[in-house]
Amino acid sequence: TSVYQTIVTTTEFDEQGRSQSEKCRTQLSGMRMDSCRRYLQPYMLFPSKRPGREQQCCQELRRVNDPQCRCEALRQTVQQVPGYGQQQQQVEMKAQQLADQCGMQELRSCQIRGQQGY
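In my numbering, the protein residues as written are 11 to 128.
Here is the structure:
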């Protein structure tokens, strides 16, 4: 007689997270977050001459229909900010302030630094 072993692997949470991530990627593909990227730039020249840029960024985030995908949108935008590597802390701090500035509670728990996965 031969011995067979059955291994049952439950990956419910992983697949749920992965499908959410894929759903977000689909929703975010082709979306431009230019105002957010400019708003988050750490070395923006003469920021006082650009009033309302944070509100333009909020509007861009609102165009992401699924609130769960807004965090992913913000995370992707932060990574595209010129100078992000050198001024990482400053950029991330500004990004996290958007939760209050835009009135988007779902951004409060957004992990900007954890770029890989959900």
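We put the beta carbon where it would ideally sit given N, CA and C, even for glycine.
Note that the coordinates shown come from a computational prediction; the quantities given were computed from them, not determined experimentally.
Enclosing alpha helix (DSSP H) for residue i [first to last residue]
i, result
"E70", "R63 to R72"
"L50", "D44 to L50"
"R80", "P77 to Q90"
"L117", "Taken as a continuous stretch (DSSP letters only), L117 belongs to no alpha helix (DSSP H), as it is neither H nor E."
"Q106", "Q98 to Q111"
Exposed unless 16 or more other CB atoms sit within 10 angstroms - verdict on residue i
i, result
"Q107", "exposed"
"Q51", "buried"
"M41", "exposed"
Same chain, Cβ closer than 6 Å to residue i, five either side skipped, listed in chain order
i, result
"C68", "C112"
"L38", "A83"
"M114", "none"
"M43", "E70 and T87"
Coarse secondary structure for residue i, derived from DSSP in three states
i, result
"S39", "coil"
"Q30", "helix"
"D24", "At D24 the pLDDT is 47, less than 50, meaning the model places this residue with poor confidence and gives no usable figure here."
Proximal residues to residue i (C-beta, below 7 Å), its chain only, five neighbours per side dropped
i, result
"S119", "none"
"Y94", "V88 and V101"
Neighbourhood of residue i by C-beta, 8 Å cutoff - its chain only, sequence neighbours within 5 removed
i, result
"V74", "Q37, L38, M41, R80 and A83"
"D76", "K33, C34 and Q37"
task: Determine, using beta-carbon pairs with one atom in the stretch 28-48 and one in the stretch 69-85, whether at least three such pairs fall under 8 Å.
output: Contact between the stretch 28-48 and the stretch 69-85 is present, with at least three C-beta pairs closer than 8 Å.
- prompt: Is it a yes or a no for the stretch 95-102 touching the stretch 33-49, going by three-plus beta-carbon pairs under 8 Å?
  reply: These segments do not touch.
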